[in-house]
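The block underneath contains the structure these notes are about, expressed in structure tokens.
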Amino acid sequence: MATTRRFFVENIGRETLLTGEAYRHAKNVLRLRAGDEIVLFDGSGREYTAVINAEQKGALACTVTGSAPSEKECKTPVALFCGALKGDKTEWVVQKATELGVSEIGVFESRYCSAFMNENKLARLQKVAREAAQQCLRATVPAVRFYRSLVEVFAAAAGFENKLFACEFAQKSDADLRALQGPCALVVGSEGGFSPEEFAAAQAAGFAGVTLGKRILRAETAAIALVSVAVFCLGEWQ
Ligand code: SAH
């Protein structure tokens, strides 16, 4: 495997210990040992080259040899706000959106939402984001936050230059996605979709309604389709 192995570590100093799951994976699965080079990242957007010095009890001791800003991140921030989905669908969306490069993920409850969030589910989603970031070589783990209402989502999205609201009953798009430039906030509903009042409130908050075509997509399809189109139109795939 040509790629240097990468590990997420909470606090990176000149001497850093690889512990817990990362340690077990490095030792038992990857069979790394003293002298091997690895890359560490802490979610800050920088990545650190390091060398394993020695194995201690339950840890690999590493020395950081250099650091640089990661080149894996999107140049333009894209935030995805998605209604809470049933089963493991929200996890699926968090994983795929992280791979596609989103800067943050908001999971919200809205009128027709029938899935509920709690602390454990949020912690699980944050873990999914961390693992997805590690797997796809990102140096930044997108923050995953929970919003109790669409009003909270609108407040969180206030500073974004582009605000797009995927509305299943919008007849046309009020924004030209092909001309997209600058930070984007994308809102996609849950399985239950949106009410006309919610769409009107989004428009009043500065969101442009966008259609994703003539068919009704499942929420998770809609979320990943809109993120993909946005990152493409922002020039991230060139
Ligand atoms: N239950 C709704 C569908 C919800 S689809 C109904 O029966 O009409 C879930 C979410 O995916 C929607 O809220 C919307 O954000 C997005 N979505 C799905 N299809 C879409 C489309 N054709 N255009 C825009 N958004 C769409």
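Mapping of the sequence shown onto the working numbering: residues 78 to 315, in sequence order.
Note that the Cβ used here is the ideal one computed from N, Cα and C, for glycine as well.
Beta-carbon contacts of R222 that lie in its chain and below 6 angstroms, excluding the five residues immediately before and after:
Counting from one through the sequence shown, the residue named residue 222 turns up at place 145. Correct list, in chain order: G183.
Taking 7 angstroms as the threshold (C-beta atoms), are L107 and F84 in contact?
On the sequence shown, residue 84 is found 7 positions in, with the first residue counted as 1. On the sequence shown, residue 107 is found 30 positions in, with the first residue counted as 1. Not a contact, by the Cβ cut-off of 7 angstroms.
Just curious, the alpha helix (DSSP H) that R207 is in, first and last residue?
The residue you call residue 207 lines up with position 130 of the sequence shown. E196 to Q212 is the extent of the alpha helix (DSSP H) around R207.
CA-to-CA distance, L294 to C27, given in whole angstroms
The requested residue 27 does not occur in the structure, where the chain is confined to residues 78 to 315.
Say the cut is 6 angstroms; is the CB of T288 nearer than that to a heavy atom of the ligand SAH?
Counting from 1 along the sequence shown, the entry for residue 288 is found at position 211. Within the cutoff, so yes.
V308: which of E132, T126, V179 and V228 sits nearest, CA to CA?
By 1-based counting over the sequence shown, the position of residue 308 is 231. Nearest C-alpha to V308: V179.
Following the continuous beta strand (DSSP E) through Q133, name the residue where it begins and the one where it ends.
On the sequence shown, residue 133 is found 56 positions in, with the first residue counted as 1. Unbroken beta strand (DSSP E) run through Q133: R123 to Q133.
Can you list the beta strand (DSSP E) stretches of 3 or more residues lying completely in the stretch 143-181, in chain order?
155-160
Heavy atom of the ligand SAH less than 6 angstroms from the Cβ of I293, yes or no?
As a working mapping, residue 293 is identified with position 216 in the sequence shown. Yes, the beta carbon of I293 sits closer than 6 angstroms to at least one heavy atom of the ligand SAH.
Do E245 and the ligand SAH come close, with the Cβ less than 6 angstroms from some heavy atom?
Here residue 245 is taken as the residue at index 168 of the sequence shown, counted from 1. E245 Cβ: within cutoff of the ligand SAH.
Below 6 angstroms, is the gap between the Cβ of V184 and the nearest heavy atom of the ligand SAH?
Counting from one through the sequence shown, the residue named residue 184 turns up at place 107. No, the ligand SAH has no heavy atom inside 6 angstroms of this Cβ.
Closest to P146 by CA distance: which of Y125, V205 and P219 is it?
On the sequence shown, residue 146 is found 69 positions in, with the first residue counted as 1. Nearest C-alpha to P146: Y125.
Excluding the five sequence neighbours on either side, which residues of its own chain have a C-beta within less than 7 angstroms of the C-beta of G270, listed in chain order?
Taking the first residue of the sequence shown as position 1, residue 270 is located at position 193. Y189 and E245.
Does at least one heavy atom of the ligand SAH sit under 6 angstroms from the Cβ of V265?
Position 188 of the sequence shown, counting from 1, holds the residue named residue 265. In this structure, V265 has its beta carbon less than 6 angstroms from a heavy atom of the ligand SAH.
Inter-residue CB distance, W317 and E297 (contact presumed, cutoff 8 angstroms)
Since the first residue shown for the chain is 78 and the last is 315, residue 317 is missing from the structure and cannot be characterised.
Where does I89 fall in DSSP's three states?
Along the sequence shown, read from residue 1 onward, the residue named residue 89 stands at position 12. In this structure, I89 counts as coil in the three-state DSSP scheme.
Starting from I293, trace the alpha helix (DSSP H) in both directions and tell me its first and last residue.
Position 216 of the sequence shown, counted from the start, is the residue given in the question as residue 293. That residue, I293, is in no alpha helix (DSSP H); it is neither H nor E in DSSP.
Quick check on the DSSP output: the beta strand (DSSP E) that includes L311 runs from which residue to which?
By 1-based counting over the sequence shown, the position of residue 311 is 234. Neither: L311 is in no beta strand (DSSP E) and is coded neither H nor E.
Is A299 near the ligand SAH - that is, is its Cβ less than 6 angstroms away from at least one heavy atom of it?
Position 222 of the sequence shown, counting from 1, holds the residue named residue 299. It does: the Cβ of A299 is within 6 angstroms (strictly closer) of some heavy atom of the ligand SAH.
Would you kindly report the start and end of the unbroken beta strand (DSSP E) that includes R222?
Looking up residue 222 in the sequence shown gives position 145. First-last of the beta strand (DSSP E) with R222: A220 to Y224.
Pull up the DSSP beta-bridge partners for T80, would you.
In the sequence shown, counting from the first residue as 1, residue 80 sits at position 3. Answer is none; T80 lacks a bridge partner.
Just curious, the alpha helix (DSSP H) that E268 is in, first and last residue?
Along the sequence shown, one-based indexing puts residue 268 at 191. Neither: E268 is in no alpha helix (DSSP H) and is coded neither H nor E.
Separation of A281 from K149, as counted between CA atoms
As a first step, residue 149 must be located in the sequence shown, where it is residue number 72. As a first step, residue 281 must be located in the sequence shown, where it is residue number 204. Computed Cα separation, rounded: 35 angstroms.
Does DSSP put K104 in a helix, a strand or coil?
The residue labelled residue 104 in the question sits at position 27 within the sequence shown. Three-state result, K104: helix.
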